[in-house]
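Asker: This is the structure I have questions about; it appears just below.
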Amino acid sequence: MVTTTTTPSEIPGVPQPTTDGECPYLSSPDVAQANGQLVRKVRLSADKPNPACFFYANATDVQLSVWVYTGDPKTAKAIVDRAAPIAQSSPATSPEGWNGGSLVSPDGAVYAVAKGANAVIVTSNQEQTIKARRITESVVQKLGL
């Protein structure tokens with residue numbers, strides 16, 4: 001018996017900040033409250049329809065980033081697995097019906113989940129995944145995913 005595994009032909013690269021702006025689905029005060037740091041500026045990626053949002057603690061250090069992917073279910077899962085590899089992360093199952101992983105590293109925390117064709121990846125410079133999880137729940141609710 002031969003088993004084959006299919007993977008998405010091309011996983012999108014990790015978004016990069018390209019312009020200053022306001023995040024359309026997450027406010028700076030919400031980030032400051034959840035992550036425990038003032039937001040000094042916000043930058044956005046060029047992704048459509050939902051740009052990735054980068055919240056800065058100062059002029060150069062990103063304190064929190066949020067990437068919302070909508071597209072192919074296999075790609076959504078692959079993006080989550082890249083952000084929070086199964087072998088290195090704890091299971092993440094919030095919001096209800098979403099699945100992925102969470103992990104803590106010396107650089108902070110990652111909370112990454114997918115549901116169907118959608119994925120939400122939150123990175124924080126804080127070493128508590130609860131903060132990234134709360135942001136994820138807020139983004140999913142705000143966008144109605």
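For the sequence shown, the UniProt record's numbering gives the first residue as 1, with consecutive numbering after it. Where is the CB? At the ideal position from N, CA and C, for every residue including glycine.
Pull up the distance between the alpha-carbon of E137 and that of A114, whole angstroms please.
Answerer: Along the sequence shown, read from residue 1 onward, the residue named residue 137 stands at position 137. Along the sequence shown, read from residue 1 onward, the residue named residue 114 stands at position 114. C-alpha separation (whole angstroms): 12 Å.
Asker: Please report the distance separating the alpha-carbon of N35 from that of P91.
Answerer: For the purposes of this step, residue 35 is taken as the residue at position 35 of the sequence shown. For the purposes of this step, residue 91 is taken as the residue at position 91 of the sequence shown. Straight-line Cα distance between these residues: approximately 21 Å.
Asker: What does DSSP give as the partner residue(s) for L64 in the beta ladder?
Answerer: Position 64 of the sequence shown, counted from the start, is the residue given in the question as residue 64. Bridge partners of L64: F55 and S124.
Asker: May I ask you to report which of helix, strand or coil DSSP gives R82?
Answerer: If you number the sequence shown from 1, residue 82 lands on position 82. Three-state result, R82: helix.
Asker: Could you tell me the alpha carbon to alpha carbon distance between S105 and G21, rounded to whole angstroms?
Answerer: Looking up residue 105 in the sequence shown gives position 105. Looking up residue 21 in the sequence shown gives position 21. Each residue's Cα considered, the two are about 28 Å apart.
Asker: Would you kindly check if the distance between the Cβ of T123 and the Cβ of A117 is under 8 Å?
Answerer: By 1-based counting over the sequence shown, the position of residue 117 is 117. By 1-based counting over the sequence shown, the position of residue 123 is 123. Not a contact, by the Cβ cut-off of 8 Å.
Asker: Rounded to a whole number of angstroms, what is the C-alpha to C-alpha distance between R43 and Q16?
Answerer: On the sequence shown, position 43 is the one that residue 43 refers to. On the sequence shown, position 16 is the one that residue 16 refers to. Straight-line Cα distance between these residues: approximately 9 Å.
Asker: Reducing DSSP to helix, strand and coil, say where R134 ends up.
Answerer: On the sequence shown, residue 134 is found 134 positions in, with the first residue counted as 1. In this structure, R134 counts as helix in the three-state DSSP scheme.
Asker: For A52, collect the residues of the same chain with a Cβ closer than 6 Å to its Cβ; drop the 5 residues on either side in sequence, then sort them by chain order.
Answerer: Position 52 of the sequence shown, counted from the first residue, corresponds to residue 52. The answer, listed in chain order, is P15, S45 and W67.
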